[in-house]
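Heads up: the structure comes next, in structure tokens.
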Amino acid sequence: MVSRIIPVETFDLVIFGGTGDLARRKILPALFKRFCSGQVPDGSKLIGAARSDLTTQAYRALVAEALLEFVGDIASDAETVRAFCEHVHYVSVDARGETGWSALAAELSPETVRAFYFSVGPGVYSDLARGLERHGLVGPETRIVVEKPFGHDLETAQALNRELAQHFDESQIYRIDHYLGKETVQNLMAVRFGNMLFEPLWNAQYIDHIQITVAETVGVAGRGDYYEKSGAMRDMVQNHLMQLLCLIAMEPPAQFEPDAVRDEKLKVIRALDAVQPHHIVRGQYTAADGAAAYREDVDNPRSKTESFVALKCQVNNWRWAGTPFYLRTGKRLRARDSEITVVFKDTPHSIFGPEAGRHRNELNIQLQPNEGITLNVTIKEPGPGGMRLVDVPLDMSFAEALGPKVQGSSDAYERLIMDVIRGNQTLFMRDDEVEAAWAWTDPIIHGWEARGDVPKPYDAFAHGPDDADLMMRREGREWRGLDK
Ligand code: NAP
178 MVSRIIPVET FDLVIFGGTG DLARRKILPA LFKRFCSGQV PDGSKLIGAA RSDLTTQAYR
238 ALVAEALLEF VGDIASDAET VRAFCEHVHY VSVDARGETG WSALAAELSP ETVRAFYFSV
298 GPGVYSDLAR GLERHGLVGP ETRIVVEKPF GHDLETAQAL NRELAQHFDE SQIYRIDHYL
358 GKETVQNLMA VRFGNMLFEP LWNAQYIDHI QITVAETVGV AGRGDYYEKS GAMRDMVQNH
418 LMQLLCLIAM EPPAQFEPDA VRDEKLKVIR ALDAVQPHHI VRGQYTAADG AAAYREDVDN
478 PRSKTESFVA LKCQVNNWRW AGTPFYLRTG KRLRARDSEI TVVFKDTPHS IFGPEAGRHR
538 NELNIQLQPN EGITLNVTIK EPGPGGMRLV DVPLDMSFAE ALGPKVQGSS DAYERLIMDV
598 IRGNQTLFMR DDEVEAAWAW TDPIIHGWEA RGDVPKPYDA FAHGPDDADL MMRREGREWR
658 GLDK
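In structure tokens form, the structure reads like this:
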């Protein structure tokens, strides 16, 4: 099968924070992979920028090391790495000060697409935006990529949006959520809107409930300072889980175009009910199986920050009235598992009698660790002895059908960075979307703070607090297991 990669024009990409963890682990490997696919045209420059005093030669060595560490399997050919590094440059710039800007300006080409990736701490975003404009680096072909966290609450997100709007048009701002760049997330839209099969059933009449889980096995060690001020609600629910919820629940946009898609996502967030306190469970992991407790990881024996959230919410519109959405995310859980499951209702009447048991169709969209979509259908168990029913998966993991194309498919950062270069904002969050998400999240967090809520303990590497299971059981439902 011939791959259809859309060519890109020559571009300059400046990675502010080019020596940091995200740049080394994700951005530079993604650019290297795109280079290997022929998508970094001759004349394009990849410019690392940070305060550290490095030469371009030293930065190239850092880049080559990062490639070996994080994509060693494809970066083993020294000649390819060397050819990639020809595009790589380094400028020492203090985004908050006055040094380095003219050297940066001198590196940039006057007429190409110019993207600035804000891979610095969120405290630097505003200074950086101001600095870019003050030093004359912003033109019509300029784009900025802003990492999470985008604000700490509604007020700070609004302030940041206002600040960015003073220097950039909204069409130049790319608020990145790497979950939206995942192949399966886009496949979710293809499955929903490219087939006749699902959309007629995609509503409260046929769907019992929907579960969205983002479970991690890692703890917060090493990121404790940030996480203590954030917690799972701000770190995961307000952005990643909300975005997945939007894609599952939104109405079909008229076109697969940035504002058409983002308008529909925004309507979903605005239709969300306030979450009732008894429909939300916070948790915090305790020591188990050799792992330290959350409070040790963050060095705060009194911490009330949640490392786990499970909640039930409702999209209040005609399509979804009566179909709950259950969201769950946490650290130090039993398995790394990100998935969305659409659980269809029982058939209205079973002609096979009670002994056939309860069988439901489930559409499972697996995002991590293995991307794929599975539809469970009920069939007769083979063999004699009457009509026994069994659920079997119709596997749409694409690997067999599409083979090497799937193996070589790009990761989320590759796709999203190339979308920035091409000027396609479809998979990026708009200012009003981010603010609406905070407007929904803030009252929940303020409620916890006002009540002095203490998260429920749960064992590291287990399934989360028992109360999260109880919340489901009270409604006659259960979470999908984390260790399928
Ligand atoms: P990090 O490892 O601490 O790196 C920060 C980078 O910013 C360094 O290169 C640092 O280099 C540079 N920097 C700091 N202050 C600067 C200034 N005034 N001017 C210019 N450069 C400056 O942080 P990170 O983990 O890469 O995270 C970067 C951003 O991505 C953060 O907003 C984070 O929330 C977000 N993010 C990270 C991840 C991840 O997996 N790491 C995931 C999602 C989002 P110098 O000290 O030399 O200046």
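According to our numbering, the sequence shown is numbered sequentially starting from 178. For each residue, glycine too, the CB sits at the ideal point set by N, CA and C. All values reported here derive from a predicted model rather than from experimental measurement.
With a 10 Å radius around the Cβ and a threshold of 16 neighbouring Cβ atoms, R352 comes out buried.
Taking the CA atoms as reference points, K522 sits about 16 Å from M649. Across the structure, A426 and M413 are spaced so that their CA atoms are roughly 18 Å apart. Placement of the Cβ of T233 at a distance of 7 Å or more from every heavy atom of ligand 1 is found.
Apart from sequence neighbours up to five positions away, the residues of its chain that approach G624 with a beta-carbon distance below 8 Å are P454 and D630, ordered along the chain. In this model, F529 and L566 are separated by some 9 Å (Cα to Cα). Counted as a single uninterrupted DSSP element, the stretch harbouring R535 is not any beta strand (DSSP E), since DSSP gives it neither H nor E. Assignment of I224 by DSSP, reduced to helix, strand and coil, places it in the strand class. With contacts defined as CB atoms closer than 8 Å, Y404 and V323 fail to qualify as a contacting pair. Of the candidates S484, D466, P430 and C490, C490 places its Cα closest to the Cα of D450. When G225, S214 and F188 are compared, the shortest CA-CA separation from A200 is found for G225. Going by C-alpha positions, E532 is about 38 Å away from R459. Around the Cβ of T196, a 10 Å sphere holds 16 or more other Cβ atoms; the residue is buried. Assignment of alpha helix (DSSP H) within the region 406–483, counting only whole runs of 4 or more residues, yields 419–426, 435–447 and 471–474 in chain order. For D271, the Cβ falls inside the 7 Å cut-off from some heavy atom of ligand 1.
For S303, the enclosing alpha helix (DSSP H) has its first and last residue at Y302 to R311.
Cα atoms of R535 and N493: separation of roughly 29 Å, rounded to the nearest angstrom. E655 and E441 have their alpha carbons spaced roughly 29 Å apart. D271: not part of any beta strand (DSSP E); DSSP gives it neither H nor E.
Annotation for N547: no alpha helix (DSSP H) segment contains it, and DSSP assigns it neither H nor E.
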